[in-house]
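One line per chain: the protein sequences are A and B, in this order.
By the count of this note's numbering, the first sequence reaches residue 214 at its end, each step adding exactly one.
By the count of this note's numbering, the second sequence reaches residue 1214 at its end, each step adding exactly one.
Built from N, CA and C at the ideal position, the CB exists for glycine as well.
Since the structure is predicted, the reported quantities are computational estimates derived from the model, not experimental observations.
Number of protein chains: 2
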Amino acid sequence: MEKGLRADARRNRDLIVAAARELFLEQGVDVPLEEVARRAGVGVGTLYRRFPDRDALLRAVGEESLRRLADLAETACRDEPDAWHALCRFLRGSVALRLGVLPAKLEPHLHQRMRVGPDLHEMRQRVIAAVLRMIERAQADGALRTDIGPGDVALLMTLNVYTPPGMHSEQAMGRVVEIVLDGLRADAGSPLPGTPLDEDDLRHYTAVRLPPAE
Amino acid sequence: MEKGLRADARRNRDLIVAAARELFLEQGVDVPLEEVARRAGVGVGTLYRRFPDRDALLRAVGEESLRRLADLAETACRDEPDAWHALCRFLRGSVALRLGVLPAKLEPHLHQRMRVGPDLHEMRQRVIAAVLRMIERAQADGALRTDIGPGDVALLMTLNVYTPPGMHSEQAMGRVVEIVLDGLRADAGSPLPGTPLDEDDLRHYTAVRLPPAE
DNA sequence: TTTATGCGGAGGAAAATCTTCCGGTTAGGG
DNA sequence: CCCTAACCGGAAGATTTTCCTCCGCATAAA
Chain A
1 MEKGLRADAR
11 RNRDLIVAAA
21 RELFLEQGVD
31 VPLEEVARRA
41 GVGVGTLYRR
51 FPDRDALLRA
61 VGEESLRRLA
71 DLAETACRDE
81 PDAWHALCRF
91 LRGSVALRLG
101 VLPAKLEPHL
111 HQRMRVGPDL
121 HEMRQRVIAA
131 VLRMIERAQA
141 DGALRTDIGP
151 GDVALLMTLN
161 VYTPPGMHSE
171 QAMGRVVEIV
181 LDGLRADAGS
191 PLPGTPLDED
201 DLRHYTAVRL
211 PPAE
Chain B
1001 MEKGLRADAR
1011 RNRDLIVAAA
1021 RELFLEQGVD
1031 VPLEEVARRA
1041 GVGVGTLYRR
1051 FPDRDALLRA
1061 VGEESLRRLA
1071 DLAETACRDE
1081 PDAWHALCRF
1091 LRGSVALRLG
1101 VLPAKLEPHL
1111 HQRMRVGPDL
1121 HEMRQRVIAA
1131 VLRMIERAQA
1141 DGALRTDIGP
1151 GDVALLMTLN
1161 VYTPPGMHSE
1171 QAMGRVVEIV
1181 LDGLRADAGS
1191 PLPGTPLDED
1201 DLRHYTAVRL
1211 PPAE
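Take a look at the structure:
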């Protein structure tokens, strides 16, 4: 990505994005940019040079998250021969990404302010395609319950519970995810209320529409 | 609760707490208090008179949430003859309370700044007792999987997924909760990783310890 | 060695938020 | 019905937070 930067500049850019990602998760997207700079170990000047405003930074973090998710989906889909296991791996991984905390605040940016290239859209398509394939195969195998749609999976990707400090939260979340996976098995339970959520139900989800040029 | 207030004062107090609860959920606990006042339909002065600082308001909101939760737990436990159904009702209800968004920010207050009476502690006990009873009975009935502890249920109470605007989020959350409930059934699945979380694992959870008087 | 590119962070501008204060209003007892 | 203590609203000044530019120094790359 981002090319034509001197080596140190490139390194700092990545440090900043990583720090921002952490802080957005921990404290919300309103953290002072100075704090981001501090955590990244760079000066504010450096941050402002690379990211003219908060939105630019937000966008970078969003892109990175989505890319990670897309990679995860495709890797799981490709490397795991059994569709059900692929789905498990994907869901465990995406919950670990802690996507749930970001989009609530990212959303308005994605929709309104972001003038965004086709990259994001493409990554989104990659995720959808992979998830769809996993779902269909797993349902054909009789492993995944049939009243589940891609929209449901997308929802579950952002699964989140509050884990109090002091508790080993990764372990706790691990248990929760497994419970959910058990709830997704074909033999799991009574039919769900409503109808399976499909991609259209998530039209607005991390939606990347090119905003009308102003 | 709060007694000795003139009727209008009392009414305003409640309006403020309700507004604060909404806004804390929507925008985080850092919302300007002026905005809380506006939504409550009162002047800032009124808010400050009743709640000297943000912490006081936070505390009030926390108390109310916990009380609702306690009521829910006891009602479910009492009114529902079948333990499994009681648990379902409780979990559906507590997720609807959207507890998950609050405590992350409430926590430091509960721990460090809040000089809190025994009421909170007592309400917490009420929740624990009711949950414990539901769990034990449901497990004895062979309805609830046995590798689940009260701590797990407490975690699940705060269940949360990101629902994009435009989607009917209540319906979506409803599906998620049912999936989780299916995952909790005795016949659900493979054993969970780790050991059942008990109350001690949640010692810090909405923990109400009298802070050392300063 | 040279130089274009990048760095840090001090500090003034701007914005957001807090908190007080007081003239006017209202509930509710007598 | 009337009186008064209790309460209300919100303007305005104080304070804190956050932004973001600017420039002298450092360093990667050729």
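task: Compute the Euclidean distance between the alpha carbons of Pro52 (chain A) and Leu23 (chain A), then round it to the nearest angstrom.
output: Taking the straight line joining both Cα atoms gives about 18 Å.
Worksheet entry | Rounded straight-line distance, which links the Cα of Arg39 (chain A) to that of Phe90 (chain A) | C-alpha separation (whole angstroms): 30 Å.
TODO: Locate the alpha helix (DSSP H) running through His168 (chain A), then write down its first and last residues.
DONE: Premise fails: His168 (chain A) is in no alpha helix (DSSP H) and is neither H nor E.
Per-residue contacts from Gly174 (chain A) into chain B (C-beta, under 9 Å):
Per Cβ cutoff of 9 Å: Leu1192, Pro1193 and Gly1194.
For Val1131 (chain B), decide whether its Cβ has a neighbour in chain A, counting only Cβ atoms nearer than 8 Å. With 8 Å as the cut-off, Val1131 (chain B) does not count as an interface residue toward chain A.
inquiry  = Under 8 Å, Cβ to Cβ, is there at least one residue of chain B near Pro32 (chain A)?
reply    = For Pro32 (chain A), the nearest beta carbon of chain B is not closer than 8 Å to its own beta carbon.
Problem set entry | Separation of Gly62 (chain A) from Ala70 (chain A), as counted between CA atoms | Counting only the Cα atoms, Gly62 (chain A) lies some 12 Å from Ala70 (chain A).
Practice task
Give the range of the alpha helix (DSSP H) segment to which Ile1016 (chain B) is assigned.
Solution key: Here the alpha helix (DSSP H) through Ile1016 (chain B) covers Ala1007 to Gln1027.
*Nearest chain A C-beta to Asn1160 (chain B) closer than 8 Å, yes or no?*
Taking 8 Å as the CB threshold, Asn1160 (chain B) lines the interface with chain A.
Are any of the Cβ atoms in chain A nearer than 8 Å to that of Thr1163 (chain B)?
-> For Thr1163 (chain B), the closest Cβ of chain A is nearer than 8 Å.
For Arg78 (chain A), count neighbouring C-beta atoms within 10 Å of its own C-beta (all shown protein chains included) and say buried if the count is 16 or more, exposed if not. With fewer than 16 other Cβ atoms within 10 Å, it is exposed.
Margin query: Between Arg98 (chain A) and chain B, is the shortest Cβ-Cβ distance under 8 Å, so that the two count as touching?
Written below: Chain B contact via Cβ: absent.
Next on the checklist: Let's test the definition: count the other Cβ atoms within 10 Å of the Cβ of Pro1032 (chain B) and tell me whether it reaches 16, buried, or not, exposed.
Outcome noted: Per the 10 Å Cβ criterion, exposed.
**OP:** Give a yes or no on whether 8 Å exceeds the smallest Cβ distance from Ala70 (chain A) to chain B.
**Re:** Residue-level contact check: Ala70 (chain A) does not touch chain B, since none of the beta carbons of chain B fall below 8 Å from its beta carbon.
Within the present structure, is the beta-carbon of Phe51 (chain A) separated from the nearest heavy atom of the ligand ZN by less than 7 Å?
In the structure on display, the ligand ZN does not appear, and there are no ligands present to speak of.
Coil, strand or helix - Arg1098 (chain B) by DSSP: Correct three-state label for Arg1098 (chain B): coil.
Item to complete: Would you mind sorting Ala1096 (chain B) into buried or exposed? The rule is 16 or more other CB atoms within 10 Å of its CB.
Response: Per the 10 Å Cβ criterion, exposed.
Please report the distance separating the alpha-carbon of Gly1004 (chain B) from that of Val1036 (chain B). A direct Cα-Cα distance of roughly 24 Å separates Gly1004 (chain B) from Val1036 (chain B).
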